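Read through the structure below, which is laid out as structure tokens, and then see the notes.
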Amino acid sequence: MIADFKHFAVRLIGQDNTVKWTKVIGGWVYNCDGIAVFEGSNVSNCFIWANDDAIKVYRDNTNWSDCVVWQLNNGGVIQMGWTAPNSNNVTISRIDVLRAEWNKPGFNRALLNYVGNRYNEPGKAGYHSNWLIEDVVTETPIPVVFNITPDDFSSNPIHGLTLKNWNVKMTMNTEYQNMIIGNDPDEYFDGFVFDNVIFNETKLDESNWLDVTNLNVEKLVTPEFK
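Quick note on the working numbering: the sequence shown kicks off at 296 and runs consecutively.
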């Protein structure tokens with residue numbers, strides 16, 4: 296157990312690490328990120344109480360499974376990356392979101408979030424491909440589900456993102472907005488798949504996905520629905 300931390304709870308920079316049966320609690324202030332691991336690592340059976348990004352997916356070939364998250368008022372539940380993340384061949388399975396307590400909209404807040412090169416660092420760019428995020432549930436309605444909006448300063452494309460067996464609830468008609476917005480006019484996000492995604496008790500399909508989610512999309516090739 297890691298309690299009352301003031302910065303990252305777990306941040307493993309080496310490759311091929313294993314994190315399991317770890318409890319992270321008491322992250323009351325900003326920058327209290329949950330768990331970050333680098334290439335080839337596996338994270339499983341963890342409880343993450345974070346006041347910044349909870350599940351930080353920044354490198355290739357990582358696997359996350361059987362994690363419970365209590366998100367406070369800052370950060371994303373699943374953070375796809377800041378600045379120049381390169382993360383390919385990623386699997387995230389069986390994520391249970393107990394609560395998300397965001398108190399206002401923000402660029403770094405959502406169940407699935409992608410910040411990108413927010414601070415405009417020259418020469419930095421990222422790339423994501425072949426992601427699977429499956430078996431995700433919210434126990435209570437949360438303020439926002441999708442905020443995939445990497446900063447326009449540098450290219451951060453996504454090629455292949457499957458969301459499978461989601462059952463999520465969001466409080467609608469608020470100031471929060473679901474968004475999936477690519478940031479490169481020459482390289483649209485593509486390969487998105489919504490496979491049995493239930494949003495507020497409605498299964499998303501090609502005819503209803505934008506209306507049901509109140510989703511703002513740009514530079515995104517139309518997803519496939521199953």
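The C-beta atom is built at its ideal place from N, Cα and C for all residues, glycine as well.
Everything numeric in this text was worked out from a predicted model, so none of it was measured.
Asked: For L515, three-class secondary structure by DSSP; Found: strand
Asked: Same chain, Cβ closer than 6 Å to E519, five either side skipped, listed in chain order; Found: V488
Asked: Straight-line gap, L456 to K301 (C-alpha atoms, nearest Å); Found: 32 Å
Asked: Straight-line gap, G309 to A331 (C-alpha atoms, nearest Å); Found: 11 Å
Asked: Straight-line gap, S336 to R306 (C-alpha atoms, nearest Å); Found: 11 Å
Asked: Whole beta strand (DSSP E) elements within the segment 363 to 407, 3-residue minimum; Found: 371 to 374 and 381 to 395
Asked: Nonlocal neighbours in the same chain, by C-beta distance under 6 Å from P380, ignoring five residues either side; Found: Y353 and G421
Asked: Euclidean distance between Cα positions of N509 and I350; Found: 25 Å
Asked: Neighbourhood of D311 by C-beta, 7 Å cutoff - its chain only, sequence neighbours within 5 removed; Found: G335 and S336
Asked: Neighbour-count burial assignment, G329, 16 or more Cβ in a 10 Å radius; Found: buried
Asked: Three-state secondary structure assigned by DSSP to T444; Found: coil
Asked: Neighbourhood of G321 by C-beta distance below 8 Å, restricted to the same chain and skipping five residues each side; Found: A298, D299, F300 and W344
Asked: Proximity of V372 and F342 at Cβ, strictly below 8 Å; Found: no
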